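Chain order of the listed sequences is A and B.
With the working numbering, you'll find the first sequence wraps up at 157, consecutive numbering, no jumps.
With the working numbering, you'll find the second sequence wraps up at 157, consecutive numbering, no jumps.
To start, the structure under review is shown below, and the notes come after it.
Number of protein chains: 2
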Amino acid sequence: MSHADFALDPRLAADSCPVVRLPLCDVRLMNEVRYPWLILVPCRVGLVEIADLPAMEQATLWQEVNRVGAALQATVPCDKLNVGALGNIVRQLHVHVVARRQGDTAWPGPVWGHSPAQPYSAPDLAARCRALAAALNPNAA
Amino acid sequence: MSHADFALDPRLAADSCPVVRLPLCDVRLMNEVRYPWLILVPCRVGLVEIADLPAMEQATLWQEVNRVGAALQATVPCDKLNVGALGNIVRQLHVHVVARRQGDTAWPGPVWGHSPAQPYSAPDLAARCRALAAALNPNAA
Numbered sequence: 017m018s019h020a021d022f023a024l025d026p027r028l029a030a031d032s033c034p035v036v037r038l039p040l041c042d043v044r045l046m047n048e049v050r051y052p053w054l055i056l057v058p059c060r061v062g063l064v065e066i067a068d069l070p071a072m073e074q075a076t077l078w079q080e081v082n083r084v085g086a087a088l089q090a091t092v093p094c095d096k097l098n099v100g101a102l103g104n105i106v107r108q109l110h111v112h113v114v115a116r117r118q119g120d121t122a123w124p125g126p127v128w129g130h131s132p133a134q135p136y137s138a139p140d141l142a143a144r145c146r147a148l149a150a151a152l153n154p155n156a157a
Numbered sequence: 017m018s019h020a021d022f023a024l025d026p027r028l029a030a031d032s033c034p035v036v037r038l039p040l041c042d043v044r045l046m047n048e049v050r051y052p053w054l055i056l057v058p059c060r061v062g063l064v065e066i067a068d069l070p071a072m073e074q075a076t077l078w079q080e081v082n083r084v085g086a087a088l089q090a091t092v093p094c095d096k097l098n099v100g101a102l103g104n105i106v107r108q109l110h111v112h113v114v115a116r117r118q119g120d121t122a123w124p125g126p127v128w129g130h131s132p133a134q135p136y137s138a139p140d141l142a143a144r145c146r147a148l149a150a151a152l153n154p155n156a157a
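This is the structure in structure tokens:
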């Protein structure tokens with residue numbers, strides 16, 4: 017199958033909204049208002065582990081993770097980035113990048129598995145996506 | 017300060033035991049018998065975020081993460097690798113690589129923050145460290 021056959025996992029699609037497409041990954045915002053939380057999904061068919069990506073694309077993945085982390089640090093309060101690739105529930109390879117603040121709901125534990133997501137309001141979700149897209153696409157309008 | 021000034025965080029030192037030194041990272045086994053769980057600690061002073069490492073050393077870090085993941089897959093049952101860089105409690109940069117099995121104590125949640133560690137027996141800890149060191153150092157005796 018070619019890259020054109022890539023389809024986002026339905027659960028990831030339901031839990032997040034699109035921010036921007038980078039060369040390798042779709043970058044999506046988790047609809048969880050308590051933590052600014054992005055996921056990167058390499059648009060390749062059949063990936064589960066990071067090592068399933070060819071080495072050159074692994075390098076691109078980590079560059080894009082850095083870029084996403086910098087965009088979060090530039091747009092929201094952030095005491096610590098949390099980066100994780102788990103995949104115990106959704107096996108399609110995806111990398112989480114979460115901006116954590118001391119004293120946030122799950123602090124100092126992980127956000128994964130903490131409690132059901134609390135969604136943004138529709139305007140706040142749109143505004144957060146726009147701000148992050150602008151930070152990730154500095155040359156865009 | 018030079019690399020020679022690097023000192024392992026005391027909490028990481030207390031929670032884990034040394035397995036092998038790779039070119040960039042100390043690889044250590046967490047003393048938690050319920051999950052085969054390694055951490056990689058880049059032996060550099062003052063790192064907190066992955067982006068604090070120069071780009072070339074970031075590439076080395078991810079190569080070493082791959083190598084550690086492959087060593088786990090070769091030596092213990094593993095349905096899914098979990099890779100994470102959190103640092104909410106211990107700020108010194110360290111990357112977790114955990115071999116997860118469906119139905120393990122924390123499954124499908126993360127191991128971080130799940131419950132207090134259950135230590136290995138001393139012989140089991142030593143045996144696990146030896147097996148992982150052998151898998152990570154195939155040319156060693």
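Think of the CB as a built atom: it goes at the ideal place given N, C-alpha and C, for glycine as much as any other residue.
None of the values given here were measured: they were computed from a predicted structure.
So, at 6 Å on beta carbons, what are the nonlocal neighbours of L98 of chain B in its own chain, with the 5 sequence-adjacent residues on each side left out?
The displayed chain sequence assigns Asn, not Leu, to residue 98 of chain B. Once the five neighbours on either side are set aside, the close Cβ partners of N98 of chain B are V114, R116.
Environment of Q118 of chain B [buried if 16+ CB atoms lie within 10 Å]
exposed
Inter-residue CB distance, T91 of chain B and A133 of chain B (contact presumed, cutoff 8 Å)
T91 of chain B to A133 of chain B, Cβ: 20 Å. No contact.
Partner residues on chain B for I66 of chain A, Cβ-Cβ distance less than 9 Å:
W78, V81, N82, G85, L97, V99
At a CB-CB cut-off below 8 Å, which residues of chain A make contact with Q74 of chain B?
W78, N82
Is I66 of chain A helix, strand or coil when you go by DSSP?
helix
Scan the stretch 47 to 71 of chain A for residues whose Cβ lies nearer than 9 Å to a Cβ of chain B and list them as they occur along the chain.
V64, E65, I66, A67, A71
Quick one, are the C-beta atoms of V57 of chain B and C33 of chain B less than 8 Å apart?
no
Assuming V106 of chain A contacts R44 of chain A under a Cβ cut-off of 8 Å, what Cβ separation, rounded to an integer in Å, is found between them?
Not quite, the Cβ-Cβ distance comes to about 12 Å (not below 8 Å), so this is no contact.
Tell me V113 of chain B's beta-bridge partners as DSSP assigns them.
B:L54, B:V99
Does DSSP classify D120 of chain A as helix, strand or coil?
coil
So, at 7 Å on beta carbons, what are the nonlocal neighbours of L102 of chain B in its own chain, with the 5 sequence-adjacent residues on each side left out?
W128
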